[in-house]
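In this text, residue positions in the sequence shown follow my numbering: the first is 12, and each later residue adds one.
Okay, structure first, notes after.
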Amino acid sequence: MQGLQLTIPTLQDHGAIVEAEIHTSEDTFLAIKNHNGYDKYNSVKLLIDTGSNVSGIDAKIIERLKLKQYKDNATVDGVGGRLDLRFYRCILYLPIFKEKALPIDVIEGDYSHSPYDGVIGRDVLKYCSFVYDGWSDTFKLMAVDL
Numbered sequence: 012m013q014g015l016q017l018t019i020p021t022l023q024d025h026g027a028i029v030e031a032e033i034h035t036s037e038d039t040f041l042a043i044k045n046h047n048g049y050d051k052y053n054s055v056k057l058l059i060d061t062g063s064n065v066s067g068i069d070a071k072i073i074e075r076l077k078l079k080q081y082k083d084n085a086t087v088d089g090v091g092g093r094l095d096l097r098f099y100r101c102i103l104y105l106p107i108f109k110e111k112a113l114p115i116d117v118i119e120g121d122y123s124h125s126p127y128d129g130v131i132g133r134d135v136l137k138y139c140s141f142v143y144d145g146w147s148d149t150f151k152l153m154a155v156d157l
C-alpha cells in the first residue's frame, strides 16, 4: 500500500484522531468504492493509540453494521487490568490507503462519551509510518508500501 500522507494539524486534548470507514466485508467495500452498491458502512473518527496492540470500535457501530462476532473472546491487558472482550471482523478504510482497505479484527468498546468512535492500534499502525512533531503539535500518518 502506497498511500497519501495525512497531517493532523492540531492534537488538542485528545490526540491524533483520523476519519475512517468501517465496512462489513471486502465485497461491500468494493461495491461501494466502485459505485456498484449501497451497502451499509459507517464513517467513524478513530484515535491513534500506539499503546494498544488491537483496534477497537464502539459497540453501537458494531451493532448497527451487524459485524460478525468470533466465537471466542479476546483477552486484553489494559489500565483496568485483564479483560475478556468480544471480537469482530471488519474492513477498515483510511484515505491514506487510497483504493485499498484492510481486513482487521476489532474489539468491542464503549466510546460513547468520547469525541471518537474507537481506536486504531498497532495491528493497523504496522502498515503505516507516522511522525509526531511535539514542537509544531502535529501528527503525520502515511501508508507504507506493501
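Quick reminder that beta carbons are idealized off the backbone N, C-alpha and C, glycines included.
From a predicted model like this one, the values you see are computed outputs, not experimental measurements.
Asked, Found
"Straight-line gap, tyrosine 138 to valine 155 (C-alpha atoms, nearest Å)", "6 Å"
"Selection from Ser123, Arg93, Ile115, Ser36 that minimises the alpha carbon distance to isoleucine 131", "Ile115"
"Own chain, CB closer than 8 Å to isoleucine 102, minus 5 neighbours either side, in chain order", "Ile33, His34, Thr35, Ser36, Glu37, Thr39, Phe40, Ala112, Leu113, Pro114, Ile115"
"Length of the line joining the Cα atoms of glycine 62 and valine 117", "15 Å"
"Cβ pair tyrosine 127, isoleucine 28 closer than 8 Å", "yes"
"Neighbour-count burial assignment, asparagine 53, 16 or more Cβ in a 10 Å radius", "buried"
"Sequence-distant residues of its chain with Cβ nearer than 7 Å to aspartate 60 (five each side left out)", "Val130, Ile131, Gly132"
"Counterpart residues of threonine 149 in DSSP-defined beta bridges", "Asp144"
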